[in-house]
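Written out below as structure tokens is the structure these notes cover.
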């Protein structure tokens, strides 16, 4: 049972543990209920029908539960699906932690904590440092386990922290390259910019938008929490460092059309926005090209204006025909 | 000295008390400093040059100060201006309250307070009522004295409260006409929607944007204060009434392009946005047509996509020629 | 047989009278014709297949006809449908008036006529009054029976007059609140603004766009009729009141992109446009939320930029915990 | 006195007859009135100040009057202007017809009438033919003397008819090249498309927008006149030929944003729109390049999205170096 | 076997030669492969399933191959399809040239060559003439056989040359009507403007975008070839005639949003763009209306902003009722 | 004479060497010619009038010439200007190299050459390496001396190479951070992306757009040169590496509206576009804030949608009040 969902061959029988990602109850033509279920493990996703579902089945086979699954891989309308032979909830002595079945960030949680820890020491402005500590402390568990989005980019467990760290790494490069940047402000803004997603989204498994997420958005959510935290820390509401930090968060979508109530009016806010876009673009394109053959095009990428991307053939070998080894200038 | 600035005839000498609205220090061709000053009273504005200004003059003749002014009304490049004979700060026993010299809302402060008071009683939802009371209490003085904007519409002292009350009056009409509207939510949202302008703007005289106004905008300013107030009142941050109220404020500009981080997703939020636009449009058009002759067009109105508006001639007399007095249906 | 279409239980047999809203003739795999029919009564709509349809069936079972229907309510692909046992045209001594089976405005035709009558008396400008009378007279029957749109808002019998009256009621509130509005012009414009829909649309049942509607639009349709009516009433074509009234109609969509050949250039034209949008928005949102459970979101509303709207839970009880009964100011 | 305004040398005294295009009354620093006047003849325009103007001067020296002018050509702030020595109204035995002093179309009025006459014979559809005749008859004088615009393209006397004829000539080419075009409809639409400008504009001299022009636009103006004319000719309002003709006029701006209430939905309407744009573009670009030296750029052209256009150097001589005289295929 | 695909009656058996336009290999529920094939001849297209396809079948029945087909015309889901009885590749002594089975331009290849030849003689500028010859020479075969687009307008064999010639014919009309146009530049630009499509598209049969087409677009493709050709002809890279010609090509889409890196800055470039749009619009509308009954609307036309077009009823007879035979002016 | 233009005090006499940046010949009211000149050195710019200019003066005092200037610094209309006492061309034994008087990149030419050299070695793809070498070789002198723009960002001598190197440094950081990027392609694209500006712009002094720049733009200019260079190097025109490199250049503006004929369809093309924007934004904002006091706002930045940027006060001292030195996670 070491194999994963994507490893089973067509028409092959298999048994494994999988996570239920979606489960819709429907009524068949014969009047009986059935469940249309999407299963998931770290290798990918596949769907199947659970026929003649009782009321109890419908109540226990819900998104976020791990099940033991016995079935066969089939094709239906050119799409792979599972014919379900047997299915039951995983027991306590079997794999049953949902987080084991979702894709994860390429850094461990501890590596990410170390990186964040180190960066906090570089936030040498007292106001910014204290607010960052207070809010990270409050949302630590979610920050290191949530995805950065429901879909699109960084839609895997730990994606929120990993996306934040990717931006921080780019930010360090920029600070090293250009003089005159307020590094503590840039780092503090980067850490807080998407932290509101811990309230906007429901969690790492079966991720949905919460009511607060739908009505307010993650920018306003974390902006208000910054003010509340500052208030409790005795920081004055008109303290300039506080206003700058709030602006970093509110302006990071760059354009009003993208949900920022203000466009960037600080050098550091513009940089944060640009780095956020750069990291998201790279992740989206690499994700879209992951399963594409050289010489083919990806599917359309929604978050990048529905563009398709091309995957080139591996380049020719270097320095063989005609490349000049001499110094040009 | 009962006359106002706009009452003096061309080439006539006069003396009066006026408010300094703007004062720029410049250097003349002869190398001496002078002040280019704009004076203001409730009748309007006029400019003049104060020659050979000493350093002390530059420090005392600043925006927001009331002065005794002796001069003559002249024309220069088709624009009226004041030739200044004499100028000094107004004394304590003379008119010296700047608020006496700016345009004011057509309701008295007490009338406006009464209307707001009455409406608060109609906000029968406890969460909404308590938050509205707390924030109105905090910003009461500014709320009843600030303008609703630096320029454009309701740019007069008390304009913020007057604009709020105009929306509340329209909101009452809508609630009476359409069944099923959550009146307390609509009224609470209307009272809070622009309250952040008490922090975004500098005050009723010489109004400018504050740093918080420039970096955050009045939507995010008051949104964060709602959360802070709820926290102090012991209201849970995920309380649905609280989230609805925050959404009313954040969505009231209607479109992301206009600075709302979320578009209206509640019936009441859509209504608030529409009434806000209706009231602002009427005030802007009436302001633009105020000094226009029948048969002419106004100047372009910036806040209404630079449209010009036409002022019709008074209509013909009714019911004289051919109007039918009978019932149609 | 008192029950309506939406009242029948799943798998229950029933018989009733219904209106045919749509009927498409198709060919089955066995080569025989069948009719795919949508039935409608005031409770809602449901579809079904009429197999082995003869040529005569196809000619008599057409949109706008009332039929006696015997069948069973079933589920197919998660959508309710009717299995048809028997179907024939309704007889003269049975319910057979199509208008009895479509949704209707919440005011009776006579109530609406009274309101319009009363408003006409308030149009004290002779030119405007005479033109309004002439055109209402010409289109009276359609005005009080047509919907205001093929779909979207006010898409029910009498919707056109009801929408017009809703705007008139809001207009009276605005006239009462703001001084200086030309009330007769506003009321006359409101009555005429959508009257062209009596030519643009085909009628209250099976509503389609006419050729004139498709090629000209209801703005140009009624604009030309105003000119024609004025000509017959002996009103000069350059009469200012006539030009103002035409502008009210032509500008009421507000933006060129929405089909107005001119943007509003009169205070009253801007108000008419704003009230038209306000009324349409409220009707569309309330319609979208009608069958939504508290805590859920509506479907996307096409006429409001595909937004979803949230239906809040009923608010908490008022004045119990912590609400302050005292006067604030 | 045979010379024109543009022919006089700098610092040279001259006397001539010219048209007053604009005249603004202003007050000088010394308190006396003066007139700032723009003079015009077929060679171009120039401005000058008429000092110490009496009330009578202000009343007689108005736009549209021809004057005898004695003066000197000067430079002021890098712009040529006239120093006025003497000025009086032209007498009846002197040149005094304003139309003699404005730019004119490159066809005579009679040539244009002949072309239109001939085209009317090609409009073989009775409905279209009768309406075209009726409206051309009503507006004949203005049609052959008005410009096609206040500024931009064809802004000269007779420009409206000349622009119409240019489109008709292009339309004949298109009809000859492509089979299946309804030529009578295309020609009738072309003749009527801008005829509303005879009401939208004030005339060939000192052209301004009329109130009808500002509030309705020339599309709606002529659309309503078509309906009125059809009514008088006994043509039914729902006659398809009538609806097609109205659509040709209403849709000819092509896009809603350009003021057409409907986009073209007929092949002939799309062609009319494209030819209208083609002719206007050529006229605007040629006008902009008229006084530009080879190798330079024109001023920005407002009607063409503020583009500048380049005037190439005359090309090199043909067929000398290396051009191949043989047949390629 | 003289009949074409569209001539066969429902349920009729037939045999014929057809071209394979598309062929997708799929797996049926029983696990066996089948081919979903679209057949094409000059009369139109129809699809069918080739069941139990062997590996060899999948390799030989590919787009661009002509086959002998024996089958029956059926209806499936309201769409005609072919039930395949027998299918094999066409033999050398049977019709097997794919170009015989695709739609063709309404001029023969030789007629088109004659027209282009004649026009080249009118390009009297040596630089332009030599470049046009060089590039036409290089791409002659593709130029006269390729379509002008994968779909949309002129999507038939020879469409590229035919579209070019249609523009040239319109260009001659414009040159004859307006003085001052650089005819050789206009004609040279017209010939080259879409020539890059010979590299952007894969060919006249089974047309797809090439990698160069996807990554560069036909404007940049031919622009670079112009430079390369000029270089080989010894024409200097900064020669003004060369720059003008490149601009004609690069600017012919008119707007940056449509893929032109520069907007037209030459009179001739603007004209070329307008004529390109005019010809494409006429072809798209006539294509969309080809199979529409009078009184109906076309499908939505993607290339014309998804508009539908109306096909009028034949007009009434001319000159019968009331048409006036007299001269109007 | 060691001082620079910006160092002289008001009303102080001075003598120095400066570059003429602009010189316009005008005619004074007295009929005599004068020159309105803008002077420039590395410290900034200032203007002055050279009265009574002879024809010879006008011919020698032109943009790009260095002059000896004796004058006095004055204020006129609140703008500093020079009163010119004496002016003559600089002699050969005096400072006379125009490049000494313009702002320069913060790296020396040799440092920049070394960096480029080193990067070329990292372009290990033979096709890309050879093309980059060929084109850099051809434009080396201009590449290291031209600005990157006429105004906006990097508008100083050497700015083009410096901007290129800034992008390369960022690109190295990105390559190090993200696996799977084609580094040689990214570096080659970065080096070539703006190289067309060596033809688009006229040079480092008195920079203007050339005719090629105006008609083609720098994207198409270098794209065509890549093809021409590849042709001479014997690289096939459809070589995939060549197509990828051309796409990098053509797509680097990111959006069609910004002049790219294709949007990025390669991961590396998207990264290049993002880094180009990031570097340009930082340079524009830092430039705009250079002379702004803390607490003030910059002027509007044209290249960043006319935003103003805020210059914060220096932050408070770190770690003094309440900053927590402990590890958070």
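Chains as they are written, first to last, in UniProt numbering: chain V, 1 to 329; chain H, 1 to 329; chain U, 1 to 329; chain Z, 1 to 329; chain S, 1 to 329; chain Y, 1 to 329. Glycine residues also receive a C-beta, built at the ideal position from the N, C-alpha and C atoms. None of the values given here were measured: they were computed from a predicted structure.
Can you tell me the Cα-Cα spacing of residue 51 of chain Y and residue 201 of chain Y, whole angstroms? 32 Å
Within chain Y, partners of residue 132 of chain H - CB distance below 7 Å: What residue 132 of chain H touches in chain Y: nothing, since even the nearest Cβ is about 32 Å away.
Any idea if residue 106 of chain U is buried or exposed, counting beta-carbon neighbours within 10 angstroms, 16 or more meaning buried? exposed
Where residue 164 of chain H and residue 195 of chain H are concerned, what is the direct C-alpha to C-alpha distance, given to the nearest angstrom? 9 Å
Within the continuous beta strand (DSSP E) that includes residue 34 of chain U, where are the two ends? Where residue 34 of chain U is concerned, the enclosing beta strand (DSSP E) stretches over 33–41.
For a contact defined as C-beta to C-beta under 8 Å, what are the partners of residue 215 of chain H on chain Y? Simply 310.
Inter-stretch contact at 8 Å, needing at least 3 Cβ pairs: the region 170–189 of chain H / the region 121–137 of chain H: A contact exists between the region 170–189 of chain H and the region 121–137 of chain H.
Helix or strand or just coil, what does DSSP make of residue 75 of chain S? strand
Bridge partners of residue 47 of chain H, per DSSP? H:38 and H:81
Please check the pair residue 64 of chain V and residue 20 of chain V, which I expect to be a contact at CB under 8 Å, by giving their CB distance rounded to whole angstroms. 7 Å
Whole runs of the alpha helix (DSSP H) within the region 246–329 of chain S, excluding any shorter than 4 residues: 267–289
Less than 8 Å between C-beta atoms, sequence neighbours within five positions excluded: which residues of the same chain meet that for residue 318 of chain H? Low confidence applies here, because residue 318 of chain H scores a pLDDT of 49, under 50, leaving its location unreliable; read the following figure in that light. Nothing meets the Cβ criterion.
From the DSSP secondary-structure annotation, give me the bridge partner or partners of residue 26 of chain U. DSSP, once it has assigned bridges, lists U:34 as partnering residue 26 of chain U.
Let me know if residue 151 of chain Z comes out buried or exposed under the rule of 16 or more other beta-carbons within 10 Å of its beta-carbon. exposed
Is residue 320 of chain S close to chain Z, meaning its C-beta is less than 8 Å from at least one C-beta of that chain? Model confidence at residue 320 of chain S stands at a pLDDT of 49, short of 50, so the residue's coordinates are unreliable; what they give is reported in the following sentence. So, interface residue.
With a threshold of 8 Å between beta-carbons, can residue 300 of chain U be considered close to chain H, or not? no
In angstroms, rounded to a whole number, what distance separates the CA positions of residue 197 of chain Z and residue 56 of chain Z? 34 Å
Counting beta carbon pairs with one atom in the region 205–220 of chain Y and one in the region 108–124 of chain Y, are three or more of them shorter than 8 Å? no
From U:80, U:268, U:291 and U:303, pick the residue whose C-alpha is nearest to that of residue 280 of chain U; which is it? U:303
Could you tell me which chain U residues have their CB closer than 7 Å to the CB of residue 270 of chain H, listed as they occur along the chain? 281 and 285
Can you tell me whether residue 168 of chain H sits near the ligand ADP, meaning its C-beta is under 7 Å from at least one heavy atom of the ligand? Only the bare structure without any ligand can be found here, which leaves the ligand ADP out of the picture.
On the criterion of 16 or more Cβ atoms from any shown chain inside 10 Å, does residue 309 of chain V qualify as buried, or is it exposed? Residue 309 of chain V comes out buried.
Report the neighbours of residue 140 of chain V on chain Y: residues whose CB is nearer than 9 Å to its CB, in chain order. 328 and 329
Proximity below 8 Å, CB of residue 190 of chain V to CB of residue 161 of chain V: no
Which residues mark the beginning and the end of the alpha helix (DSSP H) in which residue 109 of chain U is found? 109–122
Leaving out five residues on either side along the sequence, give the residues of the same chain with a beta carbon under 8 Å from the beta carbon of residue 140 of chain Y. none
Since residue 127 of chain H is in the alpha helix (DSSP H), which residue starts that stretch and which ends it? 126–145
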